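Notes follow the structure.
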Amino acid sequence: MSTAERVQGLGTSVFTEMTELARRTGAVNLGQGVPELGAPRALLEEVAAAVLAGGNQYPPAQGFPALREAIAAHQLRRYGLEYAPQGEVLVTTGATEALAAALLALCDPGDEVLAFDPCYDAYPAGARFAGARLVGVPLAEEGWGSPQASSSGGGFVLDPDALRAAVTPRTRVLVLNTPHNPTGKVFTAEELDAVADVCREHDLTVVTDEVYEHLVYDGPDGGPGAHRTIAALPGMRERTLTVSSAGKTFNVTGWKIGWVCGPARLVAAVGAAKQFLTYASGTPYQEALARALGGVEEWAAELRGTLRRHRDLLSEGLARAGLRPCRADAGYFVQADIRAWGHADGARFCRELPARAGVVAIPTSAFYVRPGAPTHLVRFSFCRSEKSLCEAVERLVSAV
Numbered sequence: 110m111s112t113a114e115r116v117q118g119l120g121t122s123v124f125t126e127m128t129e130l131a132r133r134t135g136a137v138n139l140g141q142g143v144p145e146l147g148a149p150r151a152l153l154e155e156v157a158a159a160v161l162a163g164g165n166q167y168p169p170a171q172g173f174p175a176l177r178e179a180i181a182a183h184q185l186r187r188y189g190l191e192y193a194p195q196g197e198v199l200v201t202t203g204a205t206e207a208l209a210a211a212l213l214a215l216c217d218p219g220d221e222v223l224a225f226d227p228c229y230d231a232y233p234a235g236a237r238f239a240g241a242r243l244v245g246v247p248l249a250e251e252g253w254g255s256p257q258a259s260s261s262g263g264g265f266v267l268d269p270d271a272l273r274a275a276v277t278p279r280t281r282v283l284v285l286n287t288p289h290n291p292t293g294k295v296f297t298a299e300e301l302d303a304v305a306d307v308c309r310e311h312d313l314t315v316v317t318d319e320v321y322e323h324l325v326y327d328g329p330d331g332g333p334g335a336h337r338t339i340a341a342l343p344g345m346r347e348r349t350l351t352v353s354s355a356g357k358t359f360n361v362t363g364w365k366i367g368w369v370c371g372p373a374r375l376v377a378a379v380g381a382a383k384q385f386l387t388y389a390s391g392t393p394y395q396e397a398l399a400r401a402l403g404g405v406e407e408w409a410a411e412l413r414g415t416l417r418r419h420r421d422l423l424s425e426g427l428a429r430a431g432l433r434p435c436r437a438d439a440g441y442f443v444q445a446d447i448r449a450w451g452h453a454d455g456a457r458f459c460r461e462l463p464a465r466a467g468v469v470a471i472p473t474s475a476f477y478v479r480p481g482a483p484t485h486l487v488r489f490s491f492c493r494s495e496k497s498l499c500e501a502v503e504r505l506v507s508a509v
């Protein structure tokens with residue numbers, strides 16, 4: 110029996126392959142973004158109490174009112190954006206479901222979706238399930254990939270001309286991911302202005318993935334380099350769905366609690382699709398997070414400090430090993446140029462790395478949509494424990 114075209118070719122992901130390779134070889138797994146860091150103790154106790162108190166049945170389809178209120182208060186406190194908890198905030202089963210439901214709600218067969226390339230692999234899959242086609246808009250490499258590049262040099266930048274050239278009469282949605290996975294890029298104010306100009310000019314709806322919003326390292330929170338949301342720009346709130354989640358912020362990726370904020374008509378459309386995916390989930394987690402989100406800034410400041418140290422440890426170790434790192438301003442990951450090790454094929458490099466150095470990474474080619482994209486980049490994760498990172502660095506340096 111044949112299977113549907115929408116799933117043909119998806120198969121086993123490179124993440125599953127590399128995780129199994131790490132398990133089989135005993136390599137240090139710096140592939141997936143699965144934290145080895147703890148969650149707030151009080152949050153865990155809140156979940157346990159909610160379970161024992163009987164909070165184990167379906168929550169409301171839109172999410173617990175207290176959590177929707179906490180999310181709305183968070184958006185107002187951080188970004189000055191006011192959302193009505195009833196109608197403009199929707200709780201989802203993680204950010205991935207929010208993204209999938211948004212593309213199902215916004216796209217018809219034959220439509221086009223723009224995303225900056227490389228991009229999180231759920232974006233092309235979500236567009237495909239909606240019958241749309243994802244078009245990768247290349248981010249330009251700037252100031253790295255040369256012998257002079259260091260752990261603090263080089264990165265990825267917006268190419269405004271490439272963005273404008275990618276828009277066609279079929280373009281309906283732009284997916285914006287900032288802070289960005291897999292590059293660690295934070296879009297600047299000037300870049301966001303340029304993206305917003307294109308969206309207003311061509312009447313595009315924006316789905317902005319902001320799951321790393323609290324994990325920006327190149328300046329104090331709220332200072333230079335901190336995350337900005339495109340929804341706060343003139344004329345953008347009414348055309349933007351903002352997606353985030355608790356998983357990365359609280360080190361609870363297995364809980365799968367995400368949310369969408371936006372104008373009521375767009376949120377209602379996402380909810381119409383979402384109700385036939387999971388309907389609702391995560392009752393005890395929602396109850397606990399409703400109380401924790403009000404104090405997220407204090408927790409996130411501590412977590413950022415830890416992750417900043419881990420980023421620097423890994424970046425400096427990669428540089429010592431001759432794998433030239435890209436600057437990572439946010440998130441969990443550092444990109445590295447592998448050509449100094451005599452490789453230009455990241456997929457082959459990652460399959461051979463466990464035997465050569467006892468470390469697992471992910472080829473960045475797995476995140477590119479467009480043909481002919483670079484193959485010499487590899488993504489390493491620094492959301493692991495300090496012990497794991499030190500071990501990985503020593504193995505990489507010894508393998509040179």
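For any residue, its number in my numbering is found by taking its place in the sequence shown, counting from 1, and adding 109. A virtual CB, placed ideally from N, CA and C, is assigned to each residue, including glycine. Computed from a predicted structure; not experimentally measured.
### Query
If you compare alpha carbons, which of A236, L285 and G196 is closest to P115?
Your numbering for residue 115 matches position 6 in the sequence shown. First, the amino acid is wrong: residue 115 is Arg here, not Pro. Among A236, L285 and G196, the Cα nearest to that of R115 belongs to A236.
### Query
Would a C-beta distance cut-off of 8 Å place P269 and A303 closer than the cut-off?
Working through the sequence shown from its first residue, we reach residue 269 at position 160. Working through the sequence shown from its first residue, we reach residue 303 at position 194. For the pair P269 and A303, the CB atoms are nearer than the 8 Å cut-off.
### Task
Could you please give the first and the last residue of the uninterrupted beta strand (DSSP E) stretch that includes W368?
Your numbering for residue 368 matches position 259 in the sequence shown. Per DSSP, W368 belongs to the beta strand (DSSP E) from G367 to C370.
### Query
Per the contact definition of three or more C-beta pairs closer than 8 Å, is the segment 421 to 441 in contact with the segment 175 to 187?
The segment 175 to 187 makes no contact with the segment 421 to 441; the number of CB pairs closer than 8 Å stays below 3.
### Query
How long is the line joining the alpha carbons of Y321 and K357, rounded to whole angstroms?
Working through the sequence shown from its first residue, we reach residue 321 at position 212. Working through the sequence shown from its first residue, we reach residue 357 at position 248. Roughly 6 Å separates the two Cα atoms.
### Task
May I have the straight-line CA-CA distance separating S255 from R433, to the nearest angstrom?
Against the sequence shown, residue 255 aligns to sequence position 146. Against the sequence shown, residue 433 aligns to sequence position 324. Low confidence applies here, because S255 scores a pLDDT of 40, under 50, leaving its location unreliable; read the following figure in that light. Roughly 8 Å separates the two Cα atoms.
### Task
Mark M110 as exposed unless 16 or more other C-beta atoms lie within 10 angstroms of its C-beta, in which case mark it buried.
For the purposes of this step, residue 110 is identified with residue 1 of the sequence shown, where counting begins at 1. With fewer than 16 other Cβ atoms within 10 Å, it is exposed.
### Query
Does DSSP classify T202 as helix, strand or coil?
Position 93 of the sequence shown, counting from 1, holds the residue named residue 202. It is coil, neither helix nor strand.
### Query
Span of the alpha helix (DSSP H) holding Q184?
Counting from 1 along the sequence shown, the entry for residue 184 is found at position 75. First-last of the alpha helix (DSSP H) with Q184: P174 to Y188.
### Query
Just how far apart, CA to CA, sit S260 and F458?
As a first step, residue 260 must be located in the sequence shown, where it is residue number 151. As a first step, residue 458 must be located in the sequence shown, where it is residue number 349. Confidence at S260 is low in this model, with a pLDDT of 42, below 50, so its placement is unreliable and no value can be given for it.
### Query
Curious, which full-length alpha helix (DSSP H) runs of at least 4 residues does the segment 442 to 501 contain?
If we require 4 residues or more, the alpha helix (DSSP H) runs fully inside the segment 442 to 501 come out as 455 to 466.
### Message
Quick check: R488 and F442, are their CB atoms within less than 8 Å of each other?
### Response
Your numbering for residue 488 matches position 379 in the sequence shown. Your numbering for residue 442 matches position 333 in the sequence shown. Against a cut-off of 8 Å, the Cβ pair of F442 and R488 comes out as a contact.
### Message
Along the chain, where does the beta strand (DSSP E) containing L243 start, and where does it finish?
### Response
Working through the sequence shown from its first residue, we reach residue 243 at position 134. Start and end: R242 to P247.
### Query
Going by Cα to Cα distance, which pick from H311, A466 and A239 is closest to F504?
Walking along the sequence shown from the start, residue 504 turns up at place 395. Checking the sequence, you will find Arg at residue 504 rather than Phe. Among H311, A466 and A239, the Cα nearest to that of R504 belongs to A466.
### Task
Within the same chain, show all residues whose beta-carbon is closer than 6 Å to that of P372, passing over the 5 residues directly before and after it, in chain order.
Translated into positions along the sequence shown, residue 372 becomes position 263. Within its own chain, the residues whose Cβ lies closer than 6 Å to the Cβ of P372, once the five positions on either side in sequence are excluded, are E347, listed in chain order.
### Message
I want to know whether the segment 279 to 287 touches the segment 210 to 223 - three or more CB-CB distances under 8 Å.
### Response
Yes, they touch.
### the segment 383 to 390 contacting the segment 168 to 175, beta-carbon criterion three pairs below 8 Å
A contact exists between the segment 383 to 390 and the segment 168 to 175.
### Task
Return helix, strand or coil for S255, following the three-state DSSP convention.
Position 146 of the sequence shown, counting from 1, holds the residue named residue 255. Because S255 carries a pLDDT of 40, less than 50, the predicted location of this residue cannot be relied on, and the following value inherits that uncertainty. In the structure shown, S255 falls within a coil segment according to DSSP collapsed to helix, strand and coil.
### Task
In the DSSP assignment, find the unbroken beta strand (DSSP E) run with R346 in it and report its ends.
Within the sequence shown, the letter at position 237 stands for residue 346. Element bounds for R346: n/a, residue is neither H nor E.
#### Entry: Three-state class that DSSP yields for S424 in the structure shown
Stepping through the sequence shown from its first residue, residue 424 is reached at position 315. Helix.
### Message
Between which residues of its own chain and E495 is the CB-CB distance below 8 Å, once the five residues before and five after are set aside?
### Response
Counting from 1 along the sequence shown, the entry for residue 495 is found at position 386. For E495, same chain residues with a beta-carbon under 8 Å away, outside a window of 5 residues either side, are R418, H419 and L422 in chain order.
### Task
Under 6 Å Cβ to Cβ from L146, same chain only, skipping five residues before and after it: list those, please.
In the sequence shown, counting from the first residue as 1, residue 146 sits at position 37. Beyond the five residues adjoining it in sequence on each side, L146 comes within less than 6 Å, by CB distance, of N360 in the same chain, given in chain order.
#### Entry: S353 and A204 closer than 8 Å at C-beta
Position 244 of the sequence shown holds residue 353. Position 95 of the sequence shown holds residue 204. Taking the C-beta atoms as reference points, A204 is found nearer than 8 Å to S353.
### Query
Using the C-alpha atoms, what's the distance from P393 back to A157?
Within the sequence shown, numbered from 1, the residue matching residue 157 stands at position 48. Within the sequence shown, numbered from 1, the residue matching residue 393 stands at position 284. So the alpha carbons of these two residues sit roughly 8 Å apart.
### Query
Taking just the CA atoms, how far does L324 sit from Q530?
There is no way to answer for residue 530, as the model of the chain reaches only from 110 to 509.
### Per-residue burial, T73 [other beta carbons within 10 Å of its own, 16 or more giving buried]
Summary: the structure shown does not reach residue 73, with the chain confined to residues 110 through 509, and so no result is reported for it.
### Task
Only counting runs of 4 or more residues, tell me where the alpha helix (DSSP H) segments fall wholly within the segment 383 to 407, in order along the chain.
You should have 392 to 401.
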